[in-house]
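Working notes, beginning with the structure itself.
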Amino acid sequence: MIVLGIETSCDETSAALVKNGRDVLSNVVSSSLAFHSKYGGVVPEIASRMQLEAIVKVTDTALRQAGIKRQNIGLVCVTHAPGLLGSLVVGLSFAKALSVSLRVPVLGVNHLCSHIYANFLDARPIRLPFVALIISGGHTSLFFVRDFNAIRSIGATLDDACGEAFDKVAKILGLGYPGGPPIERLALRGDPHKFRFKCSETRRPLDFSFSGIKTAVLYQAKGANVRAPEKADIAASFQEAVVETVARKAMAACRRYKVPRLVVGGGVAANSRLRQVFRQQAPAAGVEVYFPPKPLCMDNAAMVAGLGYRLYMKGARSDLSLGVELN
Ligand code: KG4
Ligand code: ZN
Numbered sequence: 000m001i002v003l004g005i006e007t008s009c010d011e012t013s014a015a016l017v018k019n020g021r022d023v024l025s026n027v028v029s030s031s032l033a034f035h036s037k038y039g040g041v042v043p044e045i046a047s048r049m050q051l052e053a054i055v056k057v058t059d060t061a062l063r064q065a066g067i068k069r070q071n072i073g074l075v076c077v078t079h080a081p082g083l084l085g086s087l088v089v090g091l092s093f094a095k096a097l098s099v100s101l102r103v104p105v106l107g108v109n110h111l112c113s114h115i116y117a118n119f120l121d122a123r124p125i126r127l128p129f130v131a132l133i134i135s136g137g138h139t140s141l142f143f144v145r146d147f148n149a150i151r152s153i154g155a156t157l158d159d160a161c162g163e164a165f166d167k168v169a170k171i172l173g174l175g176y177p178g179g180p181p182i183e184r185l186a187l188r189g190d191p192h193k194f195r196f197k198c199s200e201t202r203r204p205l206d207f208s209f210s211g212i213k214t215a216v217l218y219q220a221k222g223a224n225v226r227a228p229e230k231a232d233i234a235a236s237f238q239e240a241v242v243e244t245v246a247r248k249a250m251a252a253c254r255r256y257k258v259p260r261l262v263v264g265g266g267v268a269a270n271s272r273l274r275q276v277f278r279q280q281a282p283a284a285g286v287e288v289y290f291p292p293k294p295l296c297m298d299n300a301a302m303v304a305g306l307g308y309r310l311y312m313k314g315a316r317s318d319l320s321l322g323v324e325l326n
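Each residue of the sequence shown is one higher than the last, beginning at 0 in numbering that gives the first Met the number 0.
Quick look at the structure:
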C-alpha cells in the first residue's frame, strides 16, 4: 500500500510517500527556519502562515519525486498531536481534504511515536518490545514499547526539553537558533571536563530536568563577555553533562524494564557525541542501541506515513471528526 504522510507539527512542512510502512519513495521537507532565526525561536504565527503557502507544493513535489499518481495513494496519514495549534491545523485540514477528494481513509498519528518509527524506515525490523527515548526540541520522553499501538510513557522531562536546553544555551553563547548543531560544532574545540555542569536529579529516576544546567551555564557565561576559548569549553562541558545523563537514564530504563533494546529518535539524536556515548555505554549495560539516519531524526513525513501504515494494519481508524491535540 502506498501511504502519503503529512507533517506540520512545528516549523517544517513535510510530505512523504512510503510503501508498506518501510520503503521511502520520497520525503520532502521544507523549513521556515530562516524566517524565525532572528527571533531566537519558532514564531507560531509565521510557521503556520508559511505552511499554508508551502503544503500543496511540497506534496506535489513528493508525488513527483516518488513517481506516484494521486490515484495510487491508499491512505493519508497526518500528525495531529502534539505540536503548535495553527501548524497542526494546516496539515490536518489539508489531509482531510485530500482524503475526501481521493476517497481514501485519513489516519491521525502522534508526533512522538512517529519519531520512534523513524528507526524502522528502510531498515531491518527491530524486535519488540523495546525502550524508546525521544529527545527533541519539544520533548524528552522515555517509552516502553510493547507494540506500535501499545506505547507507555515511563519518564519525561519536568521542565525544559533536551533540544530546548541546547537552544537556550546556544542563545546564551550567542550561537543562534536552532542551537544543537552549533553547540556540537563548537564543543569539538572545547574541553568537556573544564566545567562541572550537572543535570538536576529528579525524584523519579527516569524523569529528566534541564532547567538547572541551563541556569548554571548562564551564570558561567556571565552575559556576552565570555571569551571564545571559554565558550567552546562551556559548550563541550554542557553537551557532555546532558549526553551522559540522558544515556545513563536510558540504560537504566532498559534495566528496569528488562529489555535489551533501546531505540532513540528526535532532533537531538543527530548529535554525534551523543551517539558515541550511547554506543560506549551500551555493551556494559547489555543493550543494543538503534539510531535513525541523521536526516530522519528531524521532523519529517516519512516517519508519519510509516507508523500510520502499521497502525492502520492493526485496525486503527480516524474519521473527519479527527481534531488536533496540543499535548
Ligand atoms: O525533532 P526535531 O526536529 O523537532 C521537534 O520535534 O522538536 O528537533 C529539533 C531539536 C532542536 O532543539 C535542535 O536544537 C535539536 O533538535 N538538535 C540538536 C542537533 N540537531 C538538532 N541537538 C543537539 N545536537 C544536534 N546535532
Ligand atoms: Zn519532532
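The beta carbon of each residue, even a glycine, is placed where N, CA and C say it ideally should be. Being a predicted model, the structure only gives us computed values, none of them experimental.
Pocket of the ligand ZN (residues with CB nearer than 6 angstroms to any heavy atom), chain order: HIS110, HIS114, SER135, GLY265 and ASP298
As assigned by DSSP and simplified to three states, the class of SER271: helix
Classification of PHE38 by the beta-carbon crowding that lies within 10 angstroms, buried from 16 upward: Before going further, note that residue 38 is Tyr rather than Phe in the sequence given. It is exposed - the Cβ of TYR38 has fewer than 16 other Cβ atoms within 10 Å.
LYS313, buried or exposed, once every other Cβ within 10 Å from all chains shown has been counted against 16: exposed
Beta-bridge pairing of PHE290 - partner residues as DSSP gives them: Beta-bridge pairing links PHE290 to no other residue.
Contact test: ASP332 Cβ vs the ligand KG4 heavy atom, cutoff 8 angstroms: Residue 332 falls outside the range modelled here, since the chain spans only 0 to 326, and no answer is possible.
Pair within 9 angstroms by beta-carbon distance, LEU32 and ASP10: yes
Proximity test, ALA269 beta-carbon vs the ligand KG4 heavy atom, cut-off 8 angstroms: yes
Contacts around VAL263, its chain only, beta-carbon distance under 6 angstroms, and the 5 residues preceding and following it disregarded: LEU132 and PHE290
Secondary structure of ASN19, DSSP reduced to three states: coil
Distance between beta carbons of THR12 and ALA53, contact taken as under 8 angstroms: 4 angstroms
C-beta contact flag for GLU6 and GLY90 at 9 angstroms: yes
Environment of TYR116 [buried if 16+ CB atoms lie within 10 Å]: buried
Three-state secondary structure assigned by DSSP to GLU6: strand
Where the beta strand (DSSP E) through HIS79 begins and ends: 72-80
Close-in-space but distant-in-sequence residues of the same chain around SER113 (CB under 6 angstroms, 5 per side omitted): MET302, VAL303 and LEU306
Residues bridged to ARG260 (per DSSP): GLU287
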